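Here the structure comes first, spelled out in structure tokens, and everything after it is commentary.
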Amino acid sequence: MKDFTVQYFINNALIGQSTIPSPFPYPESICFFCRDCGDIWGRVWFLADQTYFRVVTAACDRHKAGPWDFISLPGSMIEDLFPRALEERAAFWPLTVTYMPPAMLKREVQLLLRKLP
Ligand SMILES: [Zn+2]
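Numbering-wise, the working numbering comes out as the position in the sequence shown, counting from 1, plus 3.
Here it is as structure tokens:
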């Protein structure tokens, strides 16, 4: 198990970073693609010697999520609100509440609050 620095970007702006353990020497970074506008609006980037990007389809915060989206809240990256064991779905560890940096969690709460009437 090796620790990696992971940086979180929204629209090319660095929002925060975390340290995340990975059993893989070449962990998988993630980018978020909006099917409506074609923007790559988010990146979760492992600072490793080698990494490749998994592209997930997810609505940006300006568009409506569809049934094809990875996450149903537009603009959201968080995959799980609850801490989980490291061995579960390792590719998405950076998208859990356990590892997201505080600035990203704040953004997630703001997105949720926007949904309230
Ligand atoms: Zn969009």
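Here a beta-carbon is modelled for each residue, glycine too, at the ideal position from N, C-alpha and C.
Please read all numbers here as calculations on a predicted model, not as lab measurements.
Cβ-based neighbour list, residue i, same chain, cut-off 6 Å, excluding 5 preceding and 5 following
{"i": "F56", "result": "S32 and C34"}
{"i": "L39", "result": "Sequence inspection shows Asp at residue 39; the Leu mentioned does not correspond to that position. Result list for D39: H66, in chain order."}
{"i": "F49", "result": "F7, V9, P30 and S32"}
{"i": "V58", "result": "C34 and F36"}
{"i": "G19", "result": "Y11, P104, A106 and M107"}
{"i": "M4", "result": "P24 and P26"}
{"i": "A68", "result": "A62, S75 and P77"}
N-terminal and C-terminal residue of the alpha helix (DSSP H) that residue i is part of
{"i": "Q113", "result": "P105 to R117"}
Own chain residues within Cβ distance below 7 Å of residue i, not counting five before or after
{"i": "N14", "result": "W44"}
{"i": "C63", "result": "C37, C40, D42, W44, P77 and G78"}
{"i": "Q53", "result": "Y29"}
Sequence-distant residues of the same chain with beta carbon closer than 8 Å to residue i, five excluded per side
{"i": "S21", "result": "T8, V9, Y11, P97, Y102, M103 and P104"}
{"i": "L17", "result": "Q10 and Y11"}
9 Å Cβ cutoff met for residue i and residue j
{"i": "T99", "j": "E82", "result": "yes"}
{"i": "V47", "j": "M80", "result": "yes"}
Quiz item: Which runs of the beta strand (DSSP E), 3 residues or longer, sit entirely within the stretch 9-81?
Solution: Unbroken beta strand (DSSP E) stretches of 3 residues or longer found wholly inside the stretch 9-81: 16-25, 32-36, 43-50 and 56-60, given in chain order.
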